[in-house]
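Numbering (the numbering used here), first residue to last: 3 to 425.
Here a beta-carbon is modelled for each residue, glycine too, at the ideal position from N, C-alpha and C.
First the structure, in the form of structure tokens, and then the observations on it.
This is the structure we're talking about:
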């Protein structure tokens, strides 16, 4: 799991194994290995294992994906759509593999906290790299050469907005970078306020606990992405609901200080961020395109409302909706989207139940953090076509798997307590 997370976040997303092309992303290959590993473990186990409702919801969503794939292959379809649809199905299998291994492969609360701290730290380092890109005006990843790998996707040249270079980290686009940061930020915030206990935390300075959150918050602001700012607000507010008044005051003070530093150090950023939202309803081309997409999508949805036209068959050259849920309505229909919403709701419910019912402060903090991350990702998908990017879906499904993991570990602890009481 650590290897998959490292490769997914650190290795530039455009690199693939040359002979495998689109299916040769190292992160995807590792995710498929996760699926194989999980499957073999399930087959070979000799005793019942505690699970969570998340697995049941995932089974339903998987059935809808397969039904959509069958419907797509059963109609007249071009060779290009067949190829992309098949590759999409393989990618989804990888996303599910990472999710399932995260759900069942974490043995105890200590290992769960270790994983969350690793994600927060790696996110902080990725944010620092994004800030380096912002300062230097270059992406740098386009200058990397890795033996055995080739660039399958073109790396965007430095993307400008309002004269500023937008950081992209190791992702293929600043929008994806912002979405990744907003999903990892709740973990860093939970680390900072003490919801995720750190071994030897008494020896850590305030900066040592908070630097990942500060770096990610700064990177999100400087990404100048409307979807990232909204995702930040959703994740931070959701997590803040679980904080004490003292923790909220500390976080608000830190956020205020961070924004003050950014606005003073980088003149013009404040106006650029405000402009992202003040332009809504005033002819903003991005908003106009999204509104026009509904009528276009409706024409396709009406042709196959239940199962859609087939997963992965609506190619980007047909139309970019900038709304993953709208794209999924076209591809997997209402039944598929409802199944996805059930999966999201079940993941959030499982984590919320742990937070409300568990007596283990470690599990409660972990549940709050991964639920906020999952919710932030779910909202972000309504603002861009997230599944079309390589990094976002794998991380998001991983977070839902971690929601289920907190529930499973809570149930294991509850049963052990009951067994000791009965004895």
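Asked: DSSP state of residue 337 mapped onto helix, strand, coil; Found: helix
Asked: Cβ shell of residue 307 (< 8 Å), same chain only, five flanking positions each side left out; Found: 335 and 336
Asked: Residue of 122, 265, 385 and 25 minimising C-alpha distance to residue 327; Found: 385
Asked: Minimum Cβ-Cβ distance from residue 105 to chain D less than 8 Å; Found: No chain D appears in this structure, which consists of one protein chain only.
Asked: Per-residue DSSP class, three states only, for residue 234; Found: helix
Asked: Close-in-space but distant-in-sequence residues of the same chain around residue 293 (CB under 8 Å, 5 per side omitted); Found: none
Asked: From 301, 59 and 113, residue whose alpha carbon lies closest to that of residue 3; Found: 113
Asked: Given 8 Å, three or more beta-carbon pairs between the stretch 212 to 223 and the stretch 180 to 195; Found: yes
Asked: Residues near residue 369 in its chain [Cβ-Cβ closer than 6 Å; skip 5 each side]; Found: 353, 356, 357 and 408
Asked: Residue 129 versus 228, 215 and 44, residue with shortest Cα-Cα distance; Found: 215
Asked: N- and C-terminal bounds of the beta strand (DSSP E) containing residue 243; Found: It is not in any beta strand (DSSP E) - residue 243 carries neither H nor E in the DSSP assignment.
Asked: Burial state of residue 387 (16 or more Cβ within 10 Å); Found: buried
Asked: Beta-carbon proximity check, residue 400 vs residue 86, cutoff 8 Å; Found: no
Asked: Cα-Cα separation between residue 33 and residue 153, rounded to whole angstroms; Found: 20 Å
Asked: C-alpha distance - residue 49 paired with residue 406, whole-angstrom precision; Found: 20 Å
Asked: 4-residue-minimum alpha helix (DSSP H) runs that sit fully inside the stretch 71 to 127, ordered along the chain; Found: 81 to 106
Asked: Through-space distance from residue 404 to residue 111, alpha-carbon basis; Found: 11 Å
Asked: CB of residue 301 within 8 Å of CB of residue 233, strictly; Found: no
Asked: Whole-angstrom distance between residue 171 and residue 135, CA atom to CA atom; Found: 7 Å
Asked: Simplified DSSP assignment, three categories, for residue 384; Found: coil
Asked: Sequence-distant residues of its chain with Cβ nearer than 6 Å to residue 90 (five each side left out); Found: 313 and 314
Asked: Reference residue 349, options 65, 101 and 18, closest by Cα; Found: 101
Asked: Element boundaries [alpha helix (DSSP H), containing residue 13]; Found: No alpha helix (DSSP H) holds residue 13; DSSP gives it neither H nor E.
Asked: Closest Cα partner of residue 410 within the set 360, 378 and 72; Found: 360
Asked: Contact set for residue 421: own chain, Cβ-Cβ below 7 Å, skip 5 residues either direction; Found: At residue 421 the pLDDT is 39, less than 50, meaning the model places this residue with poor confidence; the figure from the coordinates comes in the next sentence. Excluding positions up to five away in sequence, the list is empty.
Asked: Residues near residue 173 by beta carbon distance below 6 Å, same chain, minus five either side; Found: 15, 179 and 393
Asked: Length of the line joining the Cα atoms of residue 97 and residue 346; Found: 14 Å
Asked: Pair within 8 Å by beta-carbon distance, residue 331 and residue 303; Found: yes
Asked: Contacts around residue 295, its chain only, beta-carbon distance under 6 Å, and the 5 residues preceding and following it disregarded; Found: 323
Asked: Closest Cα partner of residue 196 within the set 225, 253 and 88; Found: 253
Asked: Same chain, Cβ closer than 6 Å to residue 249, five either side skipped, listed in chain order; Found: 195
Asked: Best match in 230, 198 and 305 for proximity to residue 73 [C-alpha to C-alpha]; Found: 305
Asked: Proximity to residue 83 [Cα-Cα], best of 319, 117, 208 and 108; Found: 319
Asked: Distance CB(residue 278)-CB(residue 228) smaller than 8 Å; Found: yes
Asked: Cut-off 8 Å between Cβ atoms - residues of its own chain near residue 56, not counting five sequence neighbours on either side; Found: 105, 345, 348, 349, 352, 402, 403, 405, 406 and 409
Asked: Same chain, Cβ closer than 8 Å to residue 118, neighbours up to 5 away in sequence not counted; Found: 189, 192, 193, 198, 368, 371, 372 and 404
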